[in-house]
Structure formats: structure tokens, C-alpha cells
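Quick note, the sequence shown lines up with residues 395 to 1376 if you use our numbering. By construction, the Cβ of each residue, glycine as well, lies at the ideal position given by its N, Cα and C atoms. Keep in mind the model is a prediction, meaning the values are calculated, not measured. Reviewing the structure listed below.
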Amino acid sequence: MDGVPRVPEQRRPAPGNAPEELRPHFSVLGPVRAWNGAEQLSMGSPQQRALLAALLLRDGRTATAHELIDALWGEEPPSQALAAVRTYASRLRKVLPAGVLVSESGGYSIAVADGALDLALAEELWTEAEKARGVSDLCQARSLVNKALSLWDGEPLANVPGPYAETERTRLEEWRLQLLESRLDMDLEVGCHAEAVSELTALTAAHPLRERLRELLMLALYRSGRQAEALAVYADTRRLLADELGVDPRPGLKELQRRILQADPALAEPSAAAPEPAAAVVRPAQLPATVPDFTGRASFVSELSEILSAAEGRVMAVSALAGIGGVGKTTLAVHVAHVARSYFPDGQLYVDLQGAGARSAEPETVLGAFLRALGTSDSAIPDSLEERAALYRSTLDGRRVLVVLDNARDAAQVRPLLPGMEGCAALVTSRIRMVDLAGAHLVDLDVMSPEEALLLFTRIVGEERVQSERKAALDVVAACGFLPLAIRIAASRLAARRTWTVSTLAAKLADERRRLDELQAGDLAVKATFELGYGQLEPAQARAFRLLGLADGPDLSLAAAAAVLDLPAEETEDLLEALVDTSLVESAAPGRYRYHDLVRLYARACAERDELPPSGRAAMSRLLDFYLASAARVYAIERPGDRTVDHLESTEHAGQEFSDDSKALDWLHSEAACILACVQQSLGAGTLRRAVALLLASKDLAESGASSLRYELATCAARDAAEALGDAHAEGRARVSLAQVLSKVGHFDKASAELARGAELGSISGDPWTTGNAPNEQGIIAYCINQHEASETYLLRAIEEFRADGNRAGEASALCNLSRVLDALGRTSKAIDLARQGMSIYDDLGLTFRLANAKSALGIALSHMGRHAEALDQLTDALQVFAENRQRLWEGTTHFRIAQVHVAARRSPQAAQHAEQALSTGCVGGDWMRANVLTLLGRTLDSIGQVDRARACWREALSIHESSGAPEAEAVRGLLFPMAAA
């Protein structure tokens, strides 16, 4: 990067013959140190280290005695300076291995092997980084610069006296800053602007007059959608430069401000292309296999292939295929996508949007899957639909990717999933014509022509069998209404039964009732075809087909299916694979199975017709038992000693076994959609309490953030069902569970209302789970809205209830919550004592995850006692635990607490950095907590002179608090308008 000084290249003697691990090596990018192999050597007094540093920094050249005297003492050397230099050199020679410190020509030099001086290694890394950046390999360049920066260990030449050391210290620190600027510049080039904000905030606070850092911060904020803050940084910089130096910002900074004001589109993108190295590029190849006997549709294949091949140079090519179910939309789209693969070398994405089902795929869920397929880590995927869509488009920028969106509900579902980038394309299939999808090329797909239908039938069955019964074959395809799905299923059944003739099949299809069903419009067009396949199943296969189709989830695992059928896993797998072979069930992934939406509806019709009602109810009861028992096992693993599992409804069927903790949590999150669908399907009188128990056992789904909305919807449905049935026990639990979700997103009024009624119902039903958890949650909410006396009352009641129930984990939770309250009331010593009591209980129970809550409470209280170092230790431990347990919202909240400690310790740059991380991660408390973080960030920015940016933060915080009616609005208003507040 221009402006980065070149550290002079080291000229070193050739390394000796000693093994590398035994050779001496040195550091100057921090304290001046030396090692002989793994052993650190004592370098003696500061003057001896100053002599060693002067020799190390001379590039292997000999330093005369006069030069060394000047380096150590400058213009005022002591009278015995020469003797002192010789003494220092003699002492160093005794410590260093033989031959390292050399005397020659009245001076000294140090023989340093390649890679044995940290400064030389940093220079080599920077040289390689420049080369990588020169060939646009920014990923490698960033990695190399980061390695170079990691060699710094505090202040260069730390505590080394003398004018030479002071000069070199300044030069090396300047070089480190310019390396940082170079790496941050590359961060912005590859789109890591959101991640860069917190680091740049801390750096600009530490180096307020460094305009390049301010410029990078403005650009990072602008690209993160924070235009007002970006402009506020410029205003802060201009005022600071005028006050301190009497100058204006440099032209580059002024130009950036002008472009931000004009919303220059070029600023929204990286300044240069930043391809990942070939080995690191993720090229998804998600297309399902094309059918080997694809038939007909030649004009459509040609038309769509031509559009896709011309995608390069266009903003986006979108083709939307519409037609009735079973007409072959997916088959055609997948076939065309395979034909056009070569035009999209950066990958192909595919998703079934389940638009014809009762619960179609949510765009934000699909975007999360797409981003992961494109190489984005889970921690970098934002929560909201808008943020995910923006990151998706940014990730696709510069790539040529084909996106197949299958079985879409409508244009609204599709729009966020379109790439929108030049060179990319999308193929969409749906049952409706997407006339409101702007710019799309619409294709109406009709049934096959008789010739195409007969050809498809012949390719599946075999020409020999069809040729001898051509008329019967024409009768078959005509009876199928020339619908590809119906023809394929009928022909596959015939091909699998060598004793049948084509006439046999035609006779079966001649039944007028089936043929009339098929010829009718809509979903009935394929019903007769499904009936044909179903009719050929063995009794056990047919039973499996009917019962498994009753489950509402998007798919079923093998273990869940075994529970539904009440069969061993091996026998269940045989039945499912047989159904897959008949195309009545799809294999979604190894060990997972799903129904096409139309087939599921047909399976349920079969169950209604062929199963006695108790049989279907018993199957769904077994599925509920499976999920409840499995989730309870996960809960017990995650929270040993928590009495919640003892209060869950009993089950008659066992759940999943887990070999370790991580697999248990993985199972819970992978089954989230199926678990919550099962809850909503099980809200009848006989299963309601178990459904509510399943919500309690799977509460991690609400706390992780990823499934919290679906969890909230399921809990609302359970509450309403319990109220309608007059079940106080279930309703109380559902209301408390719902309140826990609502409070985590900052909806305190709604949560309080649910808790008030839940607590009342818990008392009526005598449910110890509700009577303990309701006041605990009420205490948390009262604390959040600054009603500390009420919070104390609630939490003391919770502690009493938990102790009466023998629920030590619940008691520890309430103790830690009460610790926060007493700390807020100024009773900090008691708060510390309570937090330690909670920690002790958690420690006894082995509750590592919950121990983080106790550490957080203790850290807050210790901070208020002025014991900031101890507070940071506790909070840092908590942060690590939350991160390891995928509790993203708690992780963000802990960053906020750490920021508060830094504020109390008057370390504003560090506070700003953690506040920025809290903003980007998200916190428990939703928008209310975001506003609190913004308020704190504004205070830290104001204290380091970034006044305009601070005010931008406060304005956003005030807007959030005013919209919710939060009392914190008054305090923020006082920050923005201090004169009015006075």
C-alpha cells in the first residue's frame, strides 16, 4: 500500500549448523528479548538491552563504539561510556550462544539467522502480502498482514532507554499503524465493513488526528447503512483538526464526505474486486439430479437455455415457469439448469419453497441456507430479512451463479431471493403466473402433447412392451391426462411388474371415477395417479405411507418415522426406501424423508379413508412422545439438576439417544421446524399438556434467536388452545413460556400481561414450574424497566418457590437475577454475595452454560465496587461460554456489559469497541436494548471527542425509546438537549 514505509531489508549471515529449534532468536516488536531454542535468556539491565537492540536493528552491520555510545546516551554520554559499552557487550556475550555477538574493527555486530528476528519476519510477511495484493488475492494478503501484526507484543523496544531506541520506537509504531490501515483497507475491499467498525472506532479514539483511520471509519459506517454516523465522523474530524492544528481535513476526506452526502452508488461497493483464492472459493452445486429419461419440451429447453446463456452483461435473467401440480415444472427447470451450468461457473443454488403447502418456506430461512452454501459463517448471518437479502446480494456480487427457486408461493416470497446482480440468473417454478414479478420472462407450461407423453411412457417401460400394445399405451397416457407426473408414476409401476401387460394397466386406468378426478382442474388432476401408485403398495408400505403423511413438519428423520410407525428403525428404513423407490416419498437427505405437498394431501386422504381415527391419533401421539422425550433429554444434558424435566408430562415412547452434548444440541436445532410443527399439531384435549411440555423442553430454540419467531407463534397457539379448553395448568405454562420469548425481544408490556395471568393460573393449578418461573421472569422485567423494589419482591418469591420445589438451578437463576437488582439499589456487597451463591449452585450442578449468567451478574456487581479487573475476568468467561453454546443474543448482551465496565474504568476506546460488537451481534431485549447500547456508545464517542457521531447514536436511541414509550427516552433527550434538560 502506498505510504507504508519499507523497513530496511536485513542482511544476515548464513545460519549455522545448529538445528533450527536450538538456534537463538530475538524480538524487538515489544520487550527486547532473546531465546536459545525454547529457553528465554536474561538480557540484564535496560542499558544492556539498549545495546542489544541497537545491534539487532543495524541489519547485521558492525556498529562502532562511538555509534553505540551515541545510540545509548546521545549528546551527553557519561565519562566512562566506552568502558560501559565494553562491559555491556561482555555480559551479553556470556549470555548469548557462542559466535552470536562478534567483535570486529573496534565495534560489534550480531549474527542473526533467517527468520530469527521478529522485525525481519514481519517485513517478509509484508513483502509477501504486497505480492498477493498485487495479483488481487486479498484473502491471502489480509492473512499475511494479520500474521505480521500478530508479531507485535505491546510497545516496540519497551522500556529500552536512549535516543536511538526512542527514534526507532516511534518509527516502528508508525509502521504498525500503517500496516493496520492497509489491512483495514483490504477488509473494506472484501466487504467486511460491519466487522471493521468496532476496530476503527477504537483506533480513531486512540489516534484522533490520524485522518486515514477517520476516512476508513466513515466508509465502513456508510457501507453498514449508518450514513448519519459517517457524516458525524467527518464533522468531529473537521472540528478536532481546526481546534488542535488549525487546519482543514485533507482533500481525500472532504471528497469522501461529498460522495456520502450525494449517496454515490460507487461508495456502496468495494473499491476493487476481491476474489478469494481458488482453494477457498465456495461454489455450491445444489441442483438435484436431472432425470435420465427427460422427454420433449424441446422448444422450452431452447428458449430458457438461450435466456440463461445471455445472462452475462445483463442485470439479471429471471424466468418463471407456471402450471398445475405435476405438469413437470421442476423437471424442466432442473434439466435446463444442468444444460446451462457451464454459463454459471461460480455455482448453482436450489431450494424447494414449499409454496403449495400450508407452511411455505420463509425467505429469511432460505437466505440463511443460501448464505451458508456460499461460504458465510453462521455468526456472520444477520437476523432480519432485509439484512440477509442485502448480504446475499453482496456475496453474489462479482459471481456468476444460477438460482433455482422451486415451488414458489407467490412473487412476494421470491423477490428477496433473487440475486439482482449482473451475470446471475434465476429460474422460478410456481403454480401461479407471476405477472407481478417485474422483468421476469414468463413461461406457461401445459401438459405434454400425445407424442411426447407416449415417448416418455415408452422410455420408462421399454420399447418392446409398448410397441406390441401401442393402442393400450395411448389409452394409458390419455387416461393420465398427458400429465408428466401421472405418466411417470404409472409407467414406473408397470416397469417394476414384469407380469403386467400395458393392457392391464390401461384397464386399471379405465375406471371412470379415477379418470374424471384426474381430468378436473387443480389438485385433483393428479389424485388418480397417486391412487394408482398407492394401490400397488404392500399393506405395511401403505400403512407407512398413510401415517407418515399425517405429520405437519417439513420432513421426518428416520428415528421420528420409526416412532410414528411404532417399528424398529431397520424395518422403518426398509419401508421408507420402498416408498422412495415408488416416488411417493422423497429422500431429502441421508436419514431424512419428505412428501411432495400434493402427495402429502393424498396420503392424508388415504388415512382418512383407510385408517380408523384412533390409529392416526395414536401415531401422532407417538411422534409427540418422541420429540418430547428427545427434547427433555437435550434439556437435561444442557441443564443438569434443573427440575423442569421432572415436571414435564410423562411419555410412553422413548426418544433419541445422544452420544455427547454437542450432538444433542445439534439435534434440537436441526429438528426445530419439525418440533414446533408437532406442537401446533398437538393442541387437542388429549395431547395439549404434552405439547406445552415440549415447548418447555425445547426453550433453547427461543433463546438462540434463529427459531425464536416460530417458537413464539407455537407458544401463542398453545396458550389459545389451553384457554379454549379451560386447562389452567397448560395455559399457565404456555403464558410463562410466551412471556420469556417476549421479554427477550423487549416487549415488556405484553410479557408482563402474560405473566400476571400465568402466575394466577399457576396458583390455581398448583403447578410448581409456573409458580417458580413466573415471578422469576416478572423480576427480570421489573429490573429492566427500573422498578427495582418490585423486582426484589418478585425474585424473593421466586427463590422461595424454587426452594420449596427443590429446584436448585431455578434458585440459582433467581439469586443471580436478584444480585443485579440489589446492585442497582446500591446494595453491592450483598449483590456480590448472591452472585457467588448462584455460581456455587451452578458449579455443584455442573451447569456450565448457566454458570455464565452467574458470572455476568458477579461481573456487573464487581464493576460497581470499582473492582474492574475482576469484573472483566468474570464477564470475559461468560462471553466465551455464551459463544460456545450458540447463545448469540446473550453473547451480545455480555459485550454490552463489558463495555459498561470499560466506561466505569474510563477506558472509552475499549468501551466503544465492545458496544459496537454488541450492536452487530444483537442483545436480549430487542430494540429496547439496542437503544441502550446506542446510548452507551454515544457516551463513549462523546468522551473521545467524536461529538457528532455520538449525537447520531443518541438520535437513533431516542427514536427507538420514543416509539415504544420507554422511560429511558428522557435521559437520552437530556444528552441531546442538555440546555433544555437543565
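For residue j and residue i, believed in contact at Cβ under 8 Å, the rounded distance
{"i": "Leu-702", "j": "Ala-819", "result": "5 Å"}
{"i": "Ala-1206", "j": "Ala-1248", "result": "7 Å"}
{"i": "Tyr-1236", "j": "Leu-1245", "result": "4 Å"}
{"i": "Ile-881", "j": "Leu-850", "result": "6 Å"}
{"i": "Val-539", "j": "Ser-592", "result": "Not a contact, Cβ separation roughly 18 Å."}
{"i": "Val-1209", "j": "Gln-1181", "result": "It should be noted that the sequence gives Leu, not Val, for residue 1209. Not confirmed; about 19 Å, so no contact."}
{"i": "Val-422", "j": "Leu-551", "result": "6 Å"}
{"i": "Gly-1126", "j": "Leu-1155", "result": "3 Å"}
{"i": "Pro-1169", "j": "Leu-1189", "result": "7 Å"}
{"i": "Arg-1033", "j": "Ala-1192", "result": "Contact doesn't hold; Cβ gap of about 17 Å is too wide."}
{"i": "Tyr-616", "j": "Gln-651", "result": "Incorrect: roughly 10 Å between the Cβ atoms, too far for contact."}
Candidates the options: closest to residue i by CA position
{"i": "Lys-902", "options": "Val-1073, Ala-755 and Ala-884", "result": "Ala-884"}
{"i": "Leu-747", "options": "Ala-542, Glu-758 and Tyr-737", "result": "Glu-758"}
{"i": "Gly-454", "options": "Ala-444, Arg-480, Leu-511 and Leu-490", "result": "Leu-511"}
{"i": "Glu-480", "options": "Glu-498, Gly-468 and Ala-492", "result": "Residue identity check: residue 480 is Arg in the sequence provided, not Glu. Of the listed residues, the one whose Cα sits closest to Arg-480 is Glu-498."}
{"i": "Glu-756", "options": "Pro-810, Ile-775 and Leu-796", "result": "Pro-810"}
{"i": "Thr-561", "options": "Val-721, Ala-444, Ala-662 and Gln-742", "result": "Ala-444"}
{"i": "Leu-877", "options": "Val-896, Ala-1124 and Glu-845", "result": "Glu-845"}
{"i": "Leu-1059", "options": "Phe-420, Val-896, Gln-1281 and Asn-1170", "result": "Gln-1281"}
{"i": "Met-612", "options": "His-601, Thr-595 and Ala-600", "result": "Thr-595"}
{"i": "Glu-567", "options": "Ala-447, Met-1233 and Gly-548", "result": "Gly-548"}
{"i": "Ala-483", "options": "Ala-1251, Leu-449 and Gly-509", "result": "Leu-449"}
{"i": "Leu-1283", "options": "Thr-1165, Val-1135 and Arg-452", "result": "Val-1135"}
{"i": "Ser-1056", "options": "Arg-536, Glu-1278 and Glu-1350", "result": "Glu-1278"}
{"i": "Val-808", "options": "Leu-799, Asp-1019, Glu-816 and Gly-814", "result": "Leu-799"}
{"i": "Leu-768", "options": "Gly-749, Val-797 and Arg-753", "result": "Val-797"}
{"i": "Ser-778", "options": "Leu-1370, Asp-1336 and Thr-1315", "result": "Thr-1315"}
Inter-residue Cα distance where the pair is residue i and residue j
{"i": "Pro-933", "j": "Ala-1012", "result": "18 Å"}
{"i": "Asp-1267", "j": "Pro-440", "result": "32 Å"}
{"i": "Met-1323", "j": "Gly-619", "result": "19 Å"}
{"i": "Arg-794", "j": "Arg-677", "result": "10 Å"}
{"i": "Asp-1199", "j": "Asn-1167", "result": "11 Å"}
{"i": "Ala-805", "j": "Met-828", "result": "6 Å"}
{"i": "Ala-1225", "j": "Ile-1254", "result": "9 Å"}
{"i": "Pro-491", "j": "Ala-1306", "result": "47 Å"}
{"i": "Ser-886", "j": "Ile-854", "result": "6 Å"}
{"i": "Asp-581", "j": "Leu-765", "result": "19 Å"}
{"i": "Asp-1121", "j": "Gly-943", "result": "29 Å"}
{"i": "Met-1259", "j": "Asn-1326", "result": "22 Å"}
{"i": "Val-489", "j": "Tyr-786", "result": "59 Å"}
{"i": "Ser-713", "j": "Gly-722", "result": "15 Å"}
{"i": "Ala-1118", "j": "Arg-988", "result": "33 Å"}
{"i": "Ser-788", "j": "Leu-661", "result": "13 Å"}
{"i": "Ser-473", "j": "Gln-1340", "result": "51 Å"}
{"i": "Ala-802", "j": "Leu-743", "result": "15 Å"}
{"i": "Ala-447", "j": "Met-815", "result": "54 Å"}
Neighbourhood of residue i by C-beta distance below 7 Å, restricted to the same chain and skipping five residues each side
{"i": "Ala-1184", "result": "Ala-1176"}
{"i": "Glu-433", "result": "none"}
{"i": "Gly-741", "result": "Arg-677, Pro-678, Ala-679 and Val-795"}
{"i": "Ala-1309", "result": "Phe-1290, Ala-1293, Val-1327, Leu-1330, Leu-1331 and Thr-1334"}
Nonlocal neighbours in the same chain, by C-beta distance under 6 Å from residue i, ignoring five residues either side
{"i": "Ser-1257", "result": "Ala-1265, Val-1295 and Ala-1298"}
{"i": "Tyr-1029", "result": "Val-1039 and Ala-1091"}
{"i": "Leu-888", "result": "Val-855, Trp-894 and Leu-899"}
{"i": "Ala-866", "result": "Val-896, Ser-897 and Ala-900"}
{"i": "Gln-1172", "result": "Leu-1149 and Tyr-1188"}
{"i": "Val-871", "result": "Ala-847, Leu-848, Phe-851 and Ile-881"}
Sequence-distant residues of the same chain with beta carbon closer than 8 Å to residue i, five excluded per side
{"i": "Leu-941", "result": "Val-958, Leu-959, Ala-1001, Glu-1005, Ser-1009, Gly-1010 and Ala-1013"}
{"i": "Leu-868", "result": "Pro-844 and Leu-848"}
{"i": "Thr-631", "result": "Glu-605, Arg-608, Pro-643 and Leu-647"}
{"i": "Ala-904", "result": "Asp-869 and Ala-873"}
Check: residue i C-beta below 7 Å from any heavy atom of the ligand COA
{"i": "Pro-643", "result": "Looking for the ligand COA in the displayed structure turns up nothing, as the structure carries no ligands at all."}
Q. Taking only runs of the alpha helix (DSSP H) that begin and end inside the segment 527 to 577, which ones reach a length of at least 4 residues, in chain order?
A. 532 to 544
Q.
As an exercise, report each continuous alpha helix (DSSP H) stretch of at least 4 residues that is fully enclosed by the segment 717 to 750, in chain order.
A. 723 to 733
Q: Starting from the N-terminal side, write out each stretch of the alpha helix (DSSP H) that is 4 residues or longer and does not extend beyond the segment 1146 to 1215.
A: 1162 to 1178 and 1182 to 1199
Q: Please go through the segment 966 to 1017 and give each complete alpha helix (DSSP H) segment of 4 or more residues, from N-terminal end onward.
A: 991 to 1004
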